[in-house]
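A short write-up of the structure that comes next.
Residue numbers (this note's numbering): 719 to 940.
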């Protein structure tokens, strides 16, 4: 299933947040963060205190969830799991060790079940999926570091998190830099990674139909 995205790539812009999540110890150049046009700047409020307008749920007024608490933390855990699982250059050849899918078990556990089925279906057909980092590693594309850029609400109770990513390349080559949007939503009540759009923004107008059954329906409001 093709992910719905806008036709254009993400526009260049300055960093809108000081919140970063960079891998260590390898020092890498700071990429230019490129937020989506409608991205909400990351707040500096206490992560444990929900912020934002209140909504009426089950007869009670409750504040909307702080996006830094649920979806953003889920994505940062996912990216760190991908980074740690990635093969590293072997000495003295400098070549990458062979990637193993089982090494990415922690990242797969944070991926939506329907998405995992889609990954397997595409793999069987010889196609690639943007949330199959073990297959990308086999092509020498290994996540080296990442930086949180922005987070915004998406339709159907989901969230879109924008991240600047650096990918390792053979010795002597510069890191590949790309800005990706991740669709994060609840599956059986837990935040999971649903899809990734590298270099382009998700189209909110088509998200409702494109991911039907991939994640929980939003809680009813009255």
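Note that the Cβ used here is the ideal one computed from N, Cα and C, for glycine as well.
How many Å lie between residue i and residue j at the Cα?
{"i": "residue 838", "j": "residue 784", "result": "33 Å"}
{"i": "residue 896", "j": "residue 913", "result": "16 Å"}
{"i": "residue 929", "j": "residue 831", "result": "12 Å"}
{"i": "residue 909", "j": "residue 792", "result": "6 Å"}
{"i": "residue 920", "j": "residue 816", "result": "32 Å"}
{"i": "residue 927", "j": "residue 853", "result": "28 Å"}
{"i": "residue 851", "j": "residue 826", "result": "10 Å"}
{"i": "residue 797", "j": "residue 857", "result": "18 Å"}
{"i": "residue 904", "j": "residue 894", "result": "31 Å"}
{"i": "residue 876", "j": "residue 916", "result": "18 Å"}
{"i": "residue 871", "j": "residue 805", "result": "34 Å"}
{"i": "residue 789", "j": "residue 844", "result": "31 Å"}
{"i": "residue 801", "j": "residue 932", "result": "25 Å"}
{"i": "residue 855", "j": "residue 902", "result": "23 Å"}
{"i": "residue 866", "j": "residue 887", "result": "21 Å"}
{"i": "residue 803", "j": "residue 899", "result": "21 Å"}
{"i": "residue 818", "j": "residue 846", "result": "16 Å"}
{"i": "residue 925", "j": "residue 782", "result": "20 Å"}
{"i": "residue 862", "j": "residue 936", "result": "35 Å"}
{"i": "residue 794", "j": "residue 822", "result": "15 Å"}
{"i": "residue 934", "j": "residue 918", "result": "24 Å"}
{"i": "residue 892", "j": "residue 840", "result": "30 Å"}
{"i": "residue 835", "j": "residue 842", "result": "11 Å"}
Report all residues from its chain with a CB closer than 8 Å to the CB of residue i; omit the five preceding and five following residues, and keep chain order.
{"i": "residue 849", "result": "829, 833, 837, 911, 913 and 914"}
{"i": "residue 906", "result": "934"}
Below 6 Å CB to CB, which residues in the same chain sit around residue i once its five sequence neighbours on both sides are set aside?
{"i": "residue 859", "result": "885"}
{"i": "residue 824", "result": "799"}
Taking the DSSP output, what are the residues bridged to residue i?
{"i": "residue 913", "result": "901"}
{"i": "residue 895", "result": "884"}
{"i": "residue 879", "result": "869 and 900"}
Segments of 4+ residues assigned as alpha helix (DSSP H) that fall wholly inside the segment 822-876 | 823-827, 831-842 and 851-855
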